[in-house]
Every structure is written in structure tokens, then in C-alpha cells.
Amino acid sequence: MNIVIVGAGEVGFSVARNLSQDGHDVVLIERDPDRAAKAENELDVMVVRGNGARPNILAKAGIVEGSSVELLIACSSKDEVNILACWIARKMGVKRVISRAVGMEFTDSDSWSRDLGIDVMVSPERSVAREVEGLLETQGAIHSTEIDDKAGVYAFRVEEDSPVSHLTLMDLRKRNPRLVTIVVYVQRGAEGFIPRATDILQPGDLCYSFCYLDQIQEIAQLYQSHRRKKLKHVIIVGAGKIGFQTSQLLLKRLKGIDIRLIDIDKEKCRKVATELPETMVLWGDGADEELLLQEGVATTGGFLAATGDDETNLMLAVLAKVLGARKSIAVIRRKSYIKLADHLPIDSIVNRNEALSSVIISAVRFPEHASTLMIFDQIGAETLQVTIPPDSPAIGVELKDLELPRGALVGLVRREGAKRDLFIPTGTFHFLAGDKAIIFSTQEVVDSTLEKLGAGTA
């Protein structure tokens, strides 16, 4: 696919790198000379210097009438540049356009994207808030993302005394027949693998699992049985967009939850207090130990550090954990800080820019699952979406009898028109023509897996 990307900041750079590695022909537009030079030196892409909202610059990137460009991704830090670039690309006949939205109002509903002719508008703050809300609500989860209102992807750490410790995945299913979950990837130390039914889960394993949302709390307790308490109290430091969005989501999902939102900016506190009347907004220093203790950090179910400074957020998350918070999360921008997660007493670190770039990449790779697979950019598995053709040898055959090669499994199936259109497949599931399946596979067995399904990538 011929793709043009506007903006070579951390988000645009990451998107360009990933899509180039996928085999797409990528042209990257950037007006900052240092960023442009970095992209030229480190990426296998063509770089055009200039303003991505100017028709002549877009023309240099190949966006002209009758061009072969199939997709434009505008992910600069300025909404006016992104929206104008998308509008010009549409006028020139580009089939699909994706825009980053810095202003929250552009993603309050889909009316803006629809009226502007933009296929997907994504907000970094909303992406992060959704992930954080899932992490807070599901206490045992280290990573999370919702697919839709039915299912999600969660990563759980196996504890020594958990019911799944030293248990095969086959036995896990037999002992919990009512719970529908499928482990699609296991991170064990520095190594990771796609498991099979006879693999034994060990303490310390990080298990990436598809789960139905109405069963998520029960599934979480299988991995970390001591985390049984319902989330009733949350402290958030930072009343910016992420803190605001997270509070709003929690209030919507968990009736009666007690949220304490702390910020050092007095005017910001006043504004947020009027917009979130159900949240207690406090003007103060989030690093003030006495204030945190007074507001219940020692017994809180969740603590989120979401100020505008990475180092402050990491320090605050550590402080909250030391003071007794059951779950502590820090939001960061620098990708290199993710590596600190295994060395600091913090439950989760969420990368703001990576969350956004992952949503954009997923929207390209999986158009019908724009937010489905962002979590899997963190692991080494090949992820494919395939459509089952009418002549597939897999049709009508139970999944357990398909004999997919070792290192491959089906994680999710979408079936249009069905009463339940989204399935987490168990062994007795069987495909119908037109089903769209998400396949996890090692690179070595991708071709043989597709052959078994009689399918090509969607």
C-alpha cells in the first residue's frame, strides 16, 4: 500500500517505522529539519520536508489527482494541519484518511470525522484514559484494551498461590467451563511464546488473554486471587485531559465510586470541579505525603499519576505504592521509561504516545478492529486478520479438530449478522464462510496456518 504520513514526531515516527516494516511504501512529511534528518537516517521511508497542510508539499509526497496513494495519516501535533491535510487528500482522491485529534471536542462524537470526511479520528488522551480505566477496574491486569462493549484483551501476571499456577491451559479450561477466555501469548522472563493447550503456566508468567467483559473480574481472580476487592476509591494526580477523561470514564462505569482529583493549578481545579460535580477536586501538591494520606492513599484501590511530566508521574506512582495504594499507574511520554516497569514498585506504566501510535497502526492493519490489537505491539507475535472464504476446508470443522500448526491459534472471530457478532472461540467453535478471524502465529508457521484455513489476509 502507498501511504503518506504527516508529522515525524514520536507518534508519526513510530507509525512510519511499523508500517514500513509491514512492507508498505511510506512517504513521511516533516517540516522540522532535525526530525526529518532523523527519519531519513533511521527509517526505510522517503522523507519530504515541508508543511503537510500545503498542497504543493502533499503533491511532492505523491498526493495529486489520480495518484496511487491509498492512505494518508495526519499525526502532527496541530489539529488544523491534520484536518486540512486530510481534506486535501480527499479532494485528490485518496481512498482513506486518518487524523490525530489534539482537541478533545473533535472526538466527543463521530460527527466531526463524518462531516469532515475523515475515516478515523483518534485522541491520545482518550486512548490512554480507556487503557487506564480498564487497568484500574480490573485490579489484576497489567495491560488492557477493550475491543468493544463485549470483549477485551488483558495481560495478567500469574502469582505463586493463584489457582492457575502450575496448571495446563487445558486443565484451566476444564476446571472453569463457564468462563470463556483464551491465552494467546505468554511472556516468560525475557522470552515469549504462543501457547498450546498442554503448556503449563508458571509463577511470574504474563498471560495476554481475550476475555468477555462480563466475566473479567472472575477471570482476574484466577491469576491473582488476593485482588478480590471492588474498586471504590481512586486518587488521580493531574487534572489535565487524561485525568479528566479517566475520571469521566470511571464515573460512567462504576456507580458511586469515590474519586479524588488533585492538581496544583487552582484555576484548572475550579474549571474541572464545575464539569465533574461527582468528583472531589482538590487544589494541592500531589507529592504532599500528608495530603495523600489524608485523602486515603493507604487504602485506595487505585492511584493514577497523570501530570504533564514523566519523572513526576513515576515518582508519584512509586510514592503512592509505598504508602499503600493497591494499584499504582504512571502515564509517560518517553518510550525508554517503559523499561523501568520491572524495576520500580509500580503496577503499570502507560505510554501516552505509544497508545496513540498503536491505535493508528491497528486502524491500518485491521480496519474493522481499529482499537482491537493495540496491546499486541508490545509482544513479538505475528497478528493477522483473515477472512474465511466459502471454499475453506475449515468450514464446519470444530476448532480443536483443525490441527493448526504449533505456534498458531485463533484468538477472536467476528461474524456479521449473528446474534452475537463477536466470538472468543473455544474448541467446539466452527467457522462459517465470511467469518473474520484474528490469528496469532509465529512467523515460521504463518503460511501453513493460512493454508489450513484456506484464507488470505483480509
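Residue numbers (the working numbering): -18 to 439.
We put the beta carbon where it would ideally sit given N, CA and C, even for glycine.
If you're wondering where the values come from, they're calculated on a predicted model, not measured in any experiment.
- Across the structure, K236 and K213 are spaced so that their CA atoms are roughly 9 Å apart.
- For M73, the secondary structure class from DSSP, reduced to helix, strand or coil, is coil.
- Residue environment for L274: exposed (fewer than 16 other C-beta atoms within 10 angstroms of its C-beta).
- Rounded to the nearest whole angstrom, the CA to CA distance from G115 to S125 is 6 Å.
- When the Cα atoms are used, L160 and Q205 turn out to be separated by approximately 16 Å.
- Look at N63 here: in three-state DSSP terms it is helix.
- Under the three-pair Cβ rule at 8 Å, the stretch 228 to 245 does not count as touching the stretch 171 to 191.
- DSSP, reduced to helix, strand and coil, places L232 within a helical segment of the structure shown.
- A buried status is given to P176, since no fewer than 16 other beta-carbon atoms sit within 10 Å of its beta-carbon.
- Secondary structure note for N32: it is in no beta strand (DSSP E), with a DSSP letter that is neither H nor E.
- S(-5) carries a helical assignment under DSSP once its states are collapsed to helix, strand and coil.
- Between A389 and V426, the C-beta gap is smaller than 9 Å, which places the two residues in contact.
- Classified as exposed, A279 has fewer than 16 neighbouring CB atoms from the shown chains inside 10 Å of its CB.
- The continuous beta strand (DSSP E) containing D6 extends over residues D6 to E11.
- For Y135, the enclosing beta strand (DSSP E) stretches over residues A132 to R138.
- Taking all protein chains shown into account, V101 has 16 or more neighbouring C-beta atoms within 10 Å of its C-beta and is therefore buried.
- By the neighbour-count criterion, in which 16 or more other beta carbons inside 10 Å mark a residue as buried, A306 falls on the buried side.
- For K417, the closest C-alpha among the options T430, T407, A436 and T409 is that of A436.
- Pairwise C-beta distances place the stretch 304 to 324 out of contact with the stretch 45 to 61, as fewer than three of them are shorter than 8 Å.
- In this structure, DSSP gives I369 a state outside helix and strand, which the three-state scheme calls coil.
- I420 is a Cβ neighbour of T430, given a cutoff of 9 Å.
- Within the stretch 143 to 192, the complete alpha helix (DSSP H) segments at least 4 residues long are 150 to 156, listed from N- to C-terminus.
- An exposed status is given to P326, since fewer than 16 other beta-carbon atoms sit within 10 Å of its beta-carbon.
- Judged by DSSP secondary structure, G392 falls within the beta strand (DSSP E) whose first and last residues are A389 to R395.
- Cβ neighbours of A82 within its own chain (closer than 7 Å, five residues either side excluded): D60, T88, M102, V103 and S104.
- About 6 Å separates the Cβ atoms of R314 and D291, confirming a contact at the 8 Å cut-off.
- Of the residues T255, S146, H411 and N334, the one whose Cα lies closest to the Cα of I369 is H411.
- Going by C-alpha positions, E11 is about 7 Å away from G33.
- Straight across, the Cα-Cα distance linking C188 with I163 is about 10 Å.
- Burial is judged here by how many other beta carbons sit within 10 angstroms of a residue's own beta carbon; G219 has at least 16 and is buried.
- A straight line joining the alpha-carbon of K252 with that of L300 spans about 27 Å.
- In the DSSP assignment, A18 falls within the alpha helix (DSSP H) that extends over P14 to E23.
- In the displayed model, M(-18) falls within coil according to three-state DSSP, outside both helix and strand.
- In this chain, G283 is not harboured by any alpha helix (DSSP H); it is covered by the beta strand (DSSP E) spanning G283 to A286.
- CA-to-CA, the gap between L148 and V391 works out to about 21 Å.
- Counting only residues of its own chain and dropping the five nearest sequence neighbours on each side, V109 has a CB closer than 7 Å to the CB of I223, V312, V331, R333 and A336.
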